[in-house]
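In our numbering, the protein residues as written are 6 to 184.
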């Protein structure tokens, strides 16, 4: 393997009484150093993997974006030759960028994208068998909401239970874990 730098080679051909010399200079340059960064909030981060929710976009760029000249960029996830791109993966993906410099030397980096599926949430109303509650009848005016999807996820309402009971206009949040 040849090290980075300038190397001189001298070729000598000798036929016994005369010789011919040729000198050749070989310049070995390093491959471009490439790092993919992804935008997390308002900051660019150098990550090996990124988890996103389905239908979310990923904004990626090379670490040298906008600061180096003479480089070309090839992304496997888009048709752009720019140093920055945005894409929305449908499934888990490997984002690869190949950077080529003026000497045609290349460097690569990868970023694993893990796409988490959005939970499916159904809410069932239970109110003494009614789906409509009248204020002036003798039945309870409360509605019990039960969250679930039958898919093995855990659902916890803001009151830290698996169901929510309300007797008036209210907002209740449900947290879904797993699934």
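Note that CB positions come from ideal geometry on N, CA and C, so glycine has one too.
Model, not experiment: these values are computed from the prediction.
Query                                                                                                                                            : Result
May I ask you to verify whether the segment 12–27 touches the segment 41–49, counting CB pairs closer than 8 angstroms and requiring at least 3? : no
Whole angstroms is fine: what's the gap from residue 172's alpha carbon to residue 87's?                                                         : Residue confidence for residue 172 is low, a pLDDT of 46 falling below 50, so the modelled location carries little weight; the figure read from the coordinates is stated next. For residue 172 and residue 87, the distance between alpha carbons rounds to 57 angstroms.
Taking 8 angstroms as the cut-off, does the CB of residue 84 come closer than this to any heavy atom belonging to the ligand HEM?                : Here there are no bound small molecules, and the ligand HEM is not part of this structure.
From the DSSP output, which residues share a beta bridge with residue 70?                                                                        : In DSSP, residue 70 forms no bridge with anything.
So the candidates are 89, 123, 17 and 97; which of them puts its Cα closest to the Cα of residue 43?                                             : 89
Pick out the complete alpha helix (DSSP H) segments inside the segment 12–59, 4 residues or longer, and give them in chain order.                : none
By the three-class DSSP mapping on this structure, what secondary structure does residue 117 have?                                               : strand
Helix, strand or coil, according to DSSP, for residue 75 in the structure here?                                                                  : coil
Would you say residue 76 and residue 100 are within 9 angstroms of each other, going by their C-beta atoms?                                      : no
At what residues does the beta strand (DSSP E) containing residue 102 begin and finish?                                                          : 98–105
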